[in-house]
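So the structure is just underneath, and the comments pick up after that.
Numbering (the working numbering), first residue to last: 3 to 516.
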């Protein structure tokens, strides 16, 4: 078992303070460098690596199987690193080409694109996952038994015969229900995930099951303890899971009021160097078959440098933050109030009993929400737009509203999207360049409304222009799609856990190449 050592803040001699930083105060200092001198404290902080690596027992060298290899890197064993907020010592890998691979195009495309134009949902929807740009394809350094399995799955999905669903009312919910069903079946039959044992708690292997970042914790727990997808043999794995929690990373290592998180970036870099030095699997694909699931606002910045080629499942799925179609997936942000009863309070009133046209309540983060209140607070009785409301009243209003406004805060994502769906309320997404979850599978226009940020002054007209018949269809579709956004104590077919995993699986399949 890994043990966390309490280490005092060397600047003030006090113990760690678990305070949440202002998500709007991000440090964008670029790609940091690692201090090569063992024991030297740099400005960016350090993670002390203690004991040399003990080489694991080699696997039999069979055709299509890769034995474990080691390098000259000094890496800690599982749990043999101590956490320190203010310093980092990280071992460099040997500089020979055998352990060095980098997809410069992916790294470049992952950079911030703050001045990019607004990309509408309709444009995102027409982006074909099957036509993945060549630079996103995973190029294996040597063959593996899983390569042909992935190519076979890709061919079966692409060439599946189109059939009508048994229940025709479900078909509009999906972009291509035949491809989705075949892909999902192949995932259930084929997918194997290897979970690295390395990593120190609480940043790694610890489930954060409550709050707005809980999606990453629920996924980690259910993948590692509740499903058949995990394998102990990395040679047959199609995917490799990096089991860290982005919220736990921030909670443990962020120095309050520093407005910097380069030490968090370097902690993750040290971890990647560890697994690169201990195993061959990262180097086979430059990390392209590795994935992470992260819900904290800072996750795109913290993982864009050393994890650029990984499949990233992110709540902060913002095209301007470097989210890449065909490589990254959007993680639903779920605000979990209970880790014992995730189905609590699901559902809402019938359309005829919903007296409020549109509802929003929330803190004034970012630029969109103040604009929303400027135009609509106390302006129209049918538009319930406020900044503060008691939790009990908040839920009641969602269950009584036709449309629930999901306006971005500091970042593009919001738990209101899943909350609206959970309460049978049609979500109205006001968040430019936000990539919605399960984009490759779901037809969001069948159950949601997208409003550009610039059109907030015209919000009521947009909603009232939707015909009653169309609203009734969307309301019914919200209820039908709800099963894809709900956690269960034990995962169920087509639930949110399986949909998150399917997005990652689908991306892995379509990044495969000969």
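Quick reminder that beta carbons are idealized off the backbone N, C-alpha and C, glycines included. All values reported here derive from a predicted model rather than from experimental measurement.
C-alpha distance - residue 438 paired with residue 112, whole-angstrom precision: Counted from its first residue, the chain shown places residue 438 at position 436. Counted from its first residue, the chain shown places residue 112 at position 110. Cα to Cα, the separation comes out at about 18 Å.
Contact between the stretch 429-436 and the stretch 404-414 (3+ Cβ pairs under 8 Å): yes
Cβ-based neighbour list, residue 543, same chain, cut-off 6 Å, excluding 5 preceding and 5 following: Lying before the first or after the last residue shown, residue 543 is absent from the chain, which here runs from 3 to 516.
Simplified DSSP state of residue 352, which is helix, strand or coil: One-based indexing of the chain shown puts residue 352 at position 350. Here residue 352 sits in coil by DSSP.
Which of helix, strand or coil DSSP assigns to residue 216: Along the chain shown, one-based indexing puts residue 216 at 214. Helix at residue 216.
For residue 375 and residue 389, believed in contact at Cβ under 8 Å, the rounded distance: The sequence position of residue 389 within the chain shown is 387, counting from 1. The sequence position of residue 375 within the chain shown is 373, counting from 1. About 6 Å; that satisfies the 8 Å criterion.
Of the listed residues 215, 284, 261 and 304, nearest to residue 268 (C-alpha basis): Counted from its first residue, the chain shown places residue 268 at position 266. Out of 215, 284, 261 and 304, 304 has the C-alpha closest to the C-alpha of residue 268.
Cβ contact check for the stretch 110-124 and the stretch 256-275: 3 or more pairs under 8 Å: no
Residue 459 in three-state terms, based on DSSP: One-based indexing of the chain shown puts residue 459 at position 457. In the structure shown, residue 459 sits in a helix (DSSP, three-state: H, G or I).
Boundaries (first-last residue) of the beta strand (DSSP E) holding residue 403: For the purposes of this step, residue 403 is taken as residue 401 along the chain shown, with counting starting at 1. 403-409 is the span of the beta strand (DSSP E), which, as asked, contains residue 403.
Neighbourhood of residue 293 by C-beta distance below 8 Å, restricted to the same chain and skipping five residues each side: Here residue 293 refers to the residue found at position 291 when the chain shown is read from its first residue. Taken in chain order, the residues that qualify are 241, 242, 243, 244, 312, 313, 314, 315, 506 and 510.
Residue of 281, 256 and 475 minimising C-alpha distance to residue 198: Counting from one through the chain shown, the residue named residue 198 turns up at place 196. Closest option to residue 198, Cα to Cα, is 281.
Length of the line joining the Cα atoms of residue 512 and residue 442: On the chain shown, residue 512 is found 510 positions in, with the first residue counted as 1. On the chain shown, residue 442 is found 440 positions in, with the first residue counted as 1. Answer to the nearest angstrom: the Cα atoms are 11 Å apart.
For residue 417, the nearest candidate out of 299, 246 and 151 (CA to CA): Here residue 417 is taken as the residue at index 415 of the chain shown, counted from 1. The candidate whose alpha carbon is nearest that of residue 417 is 299.
Beta-carbon proximity of residue 175 to residue 448, cut-off 8 Å: Mapped onto the chain shown, residue 175 falls at position 173. Mapped onto the chain shown, residue 448 falls at position 446. Contact: yes.
Coil, strand or helix - residue 342 by DSSP: The residue given as residue 342 occupies position 340 in the chain shown. Residue 342 falls in the coil class under three-state DSSP.
Residue 476 and residue 430 closer than 8 Å at C-beta: Counting from one through the chain shown, the residue named residue 476 turns up at place 474. Counting from one through the chain shown, the residue named residue 430 turns up at place 428. Not closer than 8 Å, so no.
Rounded C-alpha distance that separates residue 129 from residue 327: If you number the chain shown from 1, residue 129 lands on position 127. If you number the chain shown from 1, residue 327 lands on position 325. Each residue's alpha carbon lies about 8 Å from the other.
Buried/exposed call for residue 344, threshold 16 Cβ in 10 Å: On the chain shown, position 342 is the one that residue 344 refers to. By the 10 Å Cβ count, residue 344 comes out buried.
Other residues of its chain near residue 530: CB distance less than 7 Å, five sequence neighbours each side excluded: Residue 530 cannot be examined here, being either before or after the span of the chain that is shown, 3 to 516.
Residues bridged to residue 264 (per DSSP): Walking along the chain shown from the start, residue 264 turns up at place 262. Bridge partners of residue 264: none, in fact.
Which listed residue (378, 362, 191 and 423) has its alpha carbon closest to that of residue 498: What you label residue 498 is simply residue 496 of the chain shown in a count that begins at 1. Checked all of 378, 362, 191 and 423; the closest Cα to residue 498 is 423.
For residue 461 and residue 479, the rounded distance between their alpha carbons: Here the question's residue 479 lines up with position 477 in the chain shown. Here the question's residue 461 lines up with position 459 in the chain shown. Looking at the two C-alpha atoms, the distance is approximately 22 Å.
Assigned secondary structure, residue 296 (DSSP; H/G/I helix, E/B strand, else coil): Working through the chain shown from its first residue, we reach residue 296 at position 294. The answer is strand: DSSP assigns residue 296 an E or B state.
7 Å CB neighbourhood of residue 206 in its chain, flanking five on each side removed: The residue you call residue 206 lines up with position 204 of the chain shown. Only 245 and 246 meet the Cβ criterion.
Residue burial classification, residue 110 (beta-carbon count within 10 angstroms, cutoff 16): Residue numbering aside, residue 110 sits at position 108 when the chain shown is read from its first letter. Per the 10 Å Cβ criterion, exposed.
For residue 309 and residue 350, believed in contact at Cβ under 8 Å, the rounded distance: One-based indexing of the chain shown puts residue 350 at position 348. One-based indexing of the chain shown puts residue 309 at position 307. Wrong, their Cβ atoms sit about 39 Å apart, outside the cutoff.
Buried/exposed call for residue 489, threshold 16 Cβ in 10 Å: As a first step, residue 489 is located in the chain shown; it is residue number 487 there, counting from the start. Classification for residue 489: buried.
Residue burial classification, residue 492 (beta-carbon count within 10 angstroms, cutoff 16): Numbered from 1 along the chain shown, position 490 holds the residue referred to as residue 492. Looking at its Cβ environment, which holds fewer than 16 other Cβ atoms inside 10 Å, residue 492 is exposed.
C-beta atoms of residue 341 and residue 211 nearer than 8 Å: Within the chain shown, the letter at position 339 stands for residue 341. Within the chain shown, the letter at position 209 stands for residue 211. Yes, the Cβ-Cβ distance between residue 341 and residue 211 is below 8 Å.
Cutoff 7 Å; reference residue 396; Cβ partners in own chain excluding five residues on either side: As a working mapping, residue 396 is identified with position 394 in the chain shown. Closer than 7 Å at the Cβ level, and outside the excluded window around residue 396, lie 363.
Same chain, Cβ closer than 6 Å to residue 209, neighbours up to 5 away in sequence not counted: Walking along the chain shown from the start, residue 209 turns up at place 207. Contacts found: 219, 222 and 223.
Collapsed DSSP secondary structure at residue 360 in the structure displayed: Position 358 of the chain shown, counted from the start, is the residue given in the question as residue 360. In this structure, residue 360 counts as strand in the three-state DSSP scheme.
Span separating the alpha-carbon of residue 48 from that of residue 188: By 1-based counting over the chain shown, the position of residue 48 is 46. By 1-based counting over the chain shown, the position of residue 188 is 186. With a pLDDT of only 26 at residue 48, under the threshold of 50, the placement of this residue in the model should not be trusted, and no figure is reported.
Neighbourhood of residue 182 by C-beta, 6 Å cutoff - its chain only, sequence neighbours within 5 removed: Residue mapping note: residue 182 aligns to position 180 of the chain shown, counting from 1. Cβ within range, chain order: 176 and 443.
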